[in-house]
Amino acid sequence: MLTDTILESARALAPDIVALRRAIHAEPELGLHTPLTMAKVREALSDLPLEWKTGPSTTGAVATLKGGKAGEGAPRVLLRGDMDALPMDEKTDLDFASTIPGRMHACGHDTHTAMLTGAARILAAQQDELTGTVDFMFQPGEEGYHGARFMLDDGLIDPMPDAAFALHIMPNAAYGVLAGRAGPLMAAADQFTITVKGRGGHASMPHDCADPVPAAAAIVSAIQAMVTRRFKATNAVVVTVTQIHAGTAHNVIPDDCVLGGTIRTLSADHREKVHGLIQETARQTATAYGVEATCELEFGFPVTLCDARAVTLGEKVAKQLGGAEGWRDLPDPIMGAEDFSYLLEKVPGAMFFLGVAPDGEDWTQCCAIHSPRMHVDEGALPHGAAMLAGCAFEYFENGFRE
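Here it is in structure tokens:
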């Protein structure tokens, strides 16, 4: 792999990468439709020999670069960057802070997109020597909208690649250090809504009612006990009740109480098991209190499973770019969720984390993603672009090694 060439190219592209990131950051867009962001990307790459594909469900696109030495049956690599923002107010003092109230790039998708455009330029500069094809996936709708799944369903990832890679920045991780792990990297994330149905009345006469509130409180406690008693302590299962809604007045017992929350699991078996147990726990606890409970489950993203061979490849590239200190093995999964998992269900690949805490500062004290005060040291972004391009180069040269 042309490590020095990749790094030099990425560093030379730093002004362009940073400028695009700031332009995207200032005009954040939500959900599956990010036309302003996509237009910025298309403009930034307008002079490259790319073939573009779009679909009906989102404003996302896949840009394809065919290598000059890519013959029949040549390897194909997908590199992905997400584009959507979060529905929250920004509280930074940046000159390029969000200009749209209630929207902020607080998960770093502006940086992911900018780094992917940098990788596209690095690889396009070597097009004549490439022995494979690269798909650059610019994806909206990662923040709960299943954008990756929609792009797959729209046929934009066709033919399927042989390998897929993505980066996610971490503002509270050491500057320029890449990290990853084989197996589950991030959790499956599902939602539940439990409706406890009783019979309301005057708060001074609860004996004449079927009060859903004590039952709901008991269900919250029972769910926590269920997790600790039905799953091994070494099996990461998280069930958190985050919402309780009931009542309209201090002297009225309501008819209903509604609970809502999140479920995080690291395997398909545990995901199925906990879904059944939540329903059973809610129903049986409610019965004990003389009320009824129904439970609705909404499936979110699946587990993000990284192929061990892809992680080994990424570690090699990271160390070539940044030395032994440029890579860190993650000891444990993160219980957040990521819809790149839809790609990794179909294609061997991996996601890596890139530390972007301010160089030289105590990264443990920096704001994490989804913070309204999150900051990114943009000096690390060319390193991310080089990492993405390097994964493609390395796969074309050596493939996956068992």
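According to full-length UniProt numbering, the sequence shown holds residues 1 to 402 in order.
Quick reminder that beta carbons are idealized off the backbone N, C-alpha and C, glycines included.
Keep in mind the model is a prediction, meaning the values are calculated, not measured.
Among the candidates R121, T5, A236, H275, whose CA atom is the shortest distance from the CA of I194? Your numbering for residue 194 matches position 194 in the sequence shown. That would be H275, whose Cα lies nearest to the Cα of I194.
Looking at L50 and R121, is the spacing between their C-beta atoms short of 7 Å? Translated into the one-based positions of the sequence shown, residue 121 becomes position 121. Translated into the one-based positions of the sequence shown, residue 50 becomes position 50. Going by C-beta atoms, R121 is not nearer than 7 Å to L50.
I believe E43 touches L36 by the beta-carbon criterion, under 8 Å. Please report the beta-carbon distance rounded to the nearest angstrom. In the sequence shown, residue 43 corresponds to position 43, counting from 1. In the sequence shown, residue 36 corresponds to position 36, counting from 1. Incorrect: roughly 11 Å between the Cβ atoms, too far for contact.
Could you pull out every unbroken beta strand (DSSP E) segment of at least 3 residues lying fully inside the region 232-263, listed in chain order? 237-246
Residue closest to T3, alpha-carbon to alpha-carbon, out of T64, C391, F400: On the sequence shown, position 3 is the one that residue 3 refers to. Cα-wise, what sits closest to T3 is C391.
C-alpha gap between K197 and D255, whole angstroms: Taking the sequence shown and counting its residues from 1, the one referred to as residue 197 is at position 197. Taking the sequence shown and counting its residues from 1, the one referred to as residue 255 is at position 255. Cα to Cα, the separation comes out at about 6 Å.
Per-residue burial, Q365 [other beta carbons within 10 Å of its own, 16 or more giving buried]: Here residue 365 corresponds to residue number 365 of the sequence shown, with the count starting at 1. Q365 should be labelled exposed.
For G384, collect the residues of the same chain with a Cβ closer than 6 Å to its Cβ; drop the 5 residues on either side in sequence, then sort them by chain order. Taking the sequence shown and counting its residues from 1, one reaches residue 384 at position 384. Only M115, L167, L354 meet the Cβ criterion.
Buried or exposed: M387, going by 16 or more other Cβ atoms within 10 Å of its Cβ? Numbered from its first residue, the sequence shown carries residue 387 at position 387. Label assigned to M387: buried.
Assuming M137 is part of the beta strand (DSSP E), what are its boundary residues? Taking the first residue of the sequence shown as position 1, residue 137 is located at position 137. Where M137 is concerned, the enclosing beta strand (DSSP E) stretches over 133-139.
Helix, strand or coil for R22? Go by DSSP, reduced to three states. In the sequence shown, residue 22 corresponds to position 22, counting from 1. In the structure shown, R22 sits in a helix (DSSP, three-state: H, G or I).
On the DSSP letters alone, give me the boundaries of the beta strand (DSSP E) that V62 sits inside. In the sequence shown, counting from the first residue as 1, residue 62 sits at position 62. That run of the beta strand (DSSP E) goes 61-66.
Which residues mark the beginning and the end of the alpha helix (DSSP H) in which Q284 is found? As a working note, residue 284 is residue 284 in the sequence shown. Unbroken alpha helix (DSSP H) run through Q284: 268-288.
Quick one: Cα of D153 to Cα of S46, how far? In the sequence shown, counting from the first residue as 1, residue 153 sits at position 153. In the sequence shown, counting from the first residue as 1, residue 46 sits at position 46. So the two alpha carbons sit approximately 26 Å from each other.
Please report how far the alpha carbon of Q126 lies from the alpha carbon of D110, in whole angstroms. For the purposes of this step, residue 126 is taken as residue 126 along the sequence shown, with counting starting at 1. For the purposes of this step, residue 110 is taken as residue 110 along the sequence shown, with counting starting at 1. Computed Cα separation, rounded: 25 Å.
Quick check on the DSSP output: the alpha helix (DSSP H) that includes C391 runs from which residue to which? Taking the sequence shown and counting its residues from 1, one reaches residue 391 at position 391. Unbroken alpha helix (DSSP H) run through C391: 381-398.
Apart from the five residues just before and just after L305, which ones in its own chain have a Cβ nearer than 8 Å to its Cβ? Within the sequence shown, the letter at position 305 stands for residue 305. Answer for L305: G183, P184, L185, S341, L344, E345, listed in chain order.
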